[in-house]
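**Q**
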Amino acid sequence: MERAFTVGKDVMIRTSERRDFKRCQQRWAWGWRQGLVPKGPPANALWFGIGIHLALAEWYKGPGLKRGRHPADTWEEYVNGEIAYIRTQKYDGADYSDDEFVEALDLGSAMLKGYMGTYGRDDSWSIIRAEQPFEIQFPRQKVKGEPFLFAGTFDLVYRDLADDDRIKLAEHKSYKQIQTNHLPLDDQTIGYAAAANIMLVMQKVLKRGESIEGITYNILRKALPDSRPKNSDGLYLNKNGSVSKQQPAPYFHREFIERTPAEYTHAFRHMDAEVEQMELLRSREISPTKNPTRDCSWDCAFFDMCQLHERGEDWREYRDAMFKVQDPYADHRYSGKSA
Ligand code: SF4
Numbered sequence: 407m408e409r410a411f412t413v414g415k416d417v418m419i420r421t422s423e424r425r426d427f428k429r430c431q432q433r434w435a436w437g438w439r440q441g442l443v444p445k446g447p448p449a450n451a452l453w454f455g456i457g458i459h460l461a462l463a464e465w466y467k468g469p470g471l472k473r474g475r476h477p478a479d480t481w482e483e484y485v486n487g488e489i490a491y492i493r494t495q496k497y498d499g500a501d502y503s504d505d506e507f508v509e510a511l512d513l514g515s516a517m518l519k520g521y522m523g524t525y526g527r528d529d530s531w532s533i534i535r536a537e538q539p540f541e542i543q544f545p546r547q548k549v550k551g552e553p554f555l556f557a558g559t560f561d562l563v564y565r566d567l568a569d570d571d572r573i574k575l576a577e578h579k580s581y582k583q584i585q586t587n588h589l590p591l592d593d594q595t596i597g598y599a600a601a602a603n604i605m606l607v608m609q610k611v612l613k614r615g616e617s618i619e620g621i622t623y624n625i626l627r628k629a630l631p632d633s634r635p636k637n638s639d640g641l642y643l644n645k646n647g648s649v650s651k652q653q654p655a656p657y658f659h660r661e662f663i664e665r666t667p668a669e670y671t672h673a674f675r676h677m678d679a680e681v682e683q684m685e686l687l688r689s690r691e692i693s694p695t696k697n698p699t700r701d702c703s704w705d706c707a708f709f710d711m712c713q714l715h716e717r718g719e720d721w722r723e724y725r726d727a728m729f730k731v732q733d734p735y736a737d738h739r740y741s742g743k744s745a
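Counting along the sequence shown from 1, when you hit position 247 you're at 653 in this note's numbering, and nothing is skipped either side.
(1) Determine the direct distance from the alpha carbon of TRP704 to that of ALA745, and round the result to whole angstroms.
(2) Taking 8 angstroms as the limit between beta carbons, can you name the residues of its chain near ARG424, skipping five residues before and five after?
(3) Assuming LEU643 and PRO635 make a contact with CB atoms under 8 angstroms, what is their CB distance in whole Å?
(4) Please tell me whether, using a cut-off of 7 angstroms, the distance from the CB of LYS696 to the nearest non-hydrogen atom of ligand 1 is below it.
(5) Report the rounded CA-to-CA distance for LYS743 versus ALA707, giving the unit in angstroms.
(6) For ligand 1, I want to know if GLN683 counts as a neighbour, meaning its beta carbon is within less than 7 angstroms of at least one of the ligand's heavy atoms.
(7) Could you tell me whether any non-hydrogen atom of ligand 1 is closer than 7 angstroms to the CB of ARG565?
(8) Between ASP512 and the rest of its own chain, which residues show a CB-CB distance below 6 angstroms, the 5 nearest in sequence each way excluded?
(9) Taking the DSSP output, what are the residues bridged to GLN404?
(10) What does DSSP give as the partner residue(s) for LYS695 in the beta ladder?
(11) Among the residues of its own chain, which have a CB less than 7 angstroms from the CB of PHE427, if the five just before and after it don't count?
(12) Between the stretch 599-611 and the stretch 532-546, do at least 3 Cβ pairs fall closer than 8 angstroms?
(13) Please tell me whether, using a cut-off of 7 angstroms, the distance from the CB of PHE427 to the nearest non-hydrogen atom of ligand 1 is below it.
(14) Going by alpha carbons, who is nearest to TYR735 out of GLY558, ASN624, GLN495 and SER648?
(15) How would you write the range of the alpha helix (DSSP H) that LYS373 sits in, first residue to last?
(16) Do you know how far the Cα of PHE709 is from the Cα of ASN697?
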């Protein structure tokens, strides 16, 4: 079953791969080197986020102020499709329950209707590009003549008509809790902005002197709306009409962070350093480290296998029973490149 994935003569790096690599090298080795994917249905947070992105991509289709289909409609079609698919599948010989998909149908739908109620048509967002895949080639610092490819898809580039026509990248995020203190050093999204900037300059979509000046984090909280009545200030009321002391946390949050050319340069330097370390792991010059944290039990698909691996038990038998092998770079392969 063991297989070692790479992209062929060029080295590719993807944003989700960088996230896994920085979280834990062993997780990266299992997921991105061996291509191990759980045999069961996709993890909730993953498919939920994909659906929200699809829905917003359809809505902010552009160009300019043109808008597409209501995001709640796209969401419902997406989740119903997922449910229909899940019902045809058997995982490890057993039918998989579609309960969490059915529950998520209402949750995502309510979130997107609330989003539309909050932001309406976003009349100051003039769309330049939405949901754009990219592959950008960079020279490697220490391996002369060999580039690496940075591949991904950015959410949205728009001209903000309410902010001096500045060009911004928007990234949609759906979080259980809205937290933003990590955003100033969020080099993954900075990587998207840097790549989008290069691509749009090369395509002459951005004019001379124009650049993506920063990132708008467009955050939706994963929560059903509060059904209590509100007063004219938007505060939720008790049954007796008084203002409740229990006000929900915000459901939506947008935060714009300016980015500098230095940050874009650093984003590529970080990628180059990560590629270098990945290559050392691929060639087995170094062994992957593990980064066990209290989050492993919920944020890592390899949690059970990792424990067997640590105890020196037969983790390979577990691997072959519970995981399938899938090419992690499949979305970005093109002719001439092979595993
Ligand atoms: S369970 Fe934790 S330590 Fe083990 S591979 Fe996953 S992230 Fe790494």
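Heads up, the beta-carbon is just placed ideally off N, CA and C, and yes, glycines get one too.
**A** A quick look at the data gives this:
(1) Low per-residue confidence applies at ALA745: pLDDT is 26, beneath 50, and the placement is therefore not dependable, though the value from the model is reported in the following sentence. Going from the Cα of ALA745 to the Cα of TRP704 covers about 30 angstroms.
(2) GLN594, GLY597, MET677 and GLU680
(3) 5 angstroms
(4) yes
(5) Annotation note: pLDDT 32 at LYS743 (below 50); position unreliable, coordinate value reported separately. Cα to Cα, the separation comes out at about 28 angstroms.
(6) no
(7) no
(8) none
(9) In the structure displayed, the chain extends from 407 to 745; residue 404 sits before or after that span and is not available.
(10) Inspection of the sequence shows that residue 695 is occupied by Thr rather than by Lys. Paired residue(s): none; THR695 is not in a bridge.
(11) TRP434, GLU680 and MET684
(12) yes
(13) no
(14) GLY558
(15) What the structure shows of the chain is the stretch from 407 to 745, and residue 373 is not part of that stretch, so it cannot be assessed.
(16) 12 angstroms
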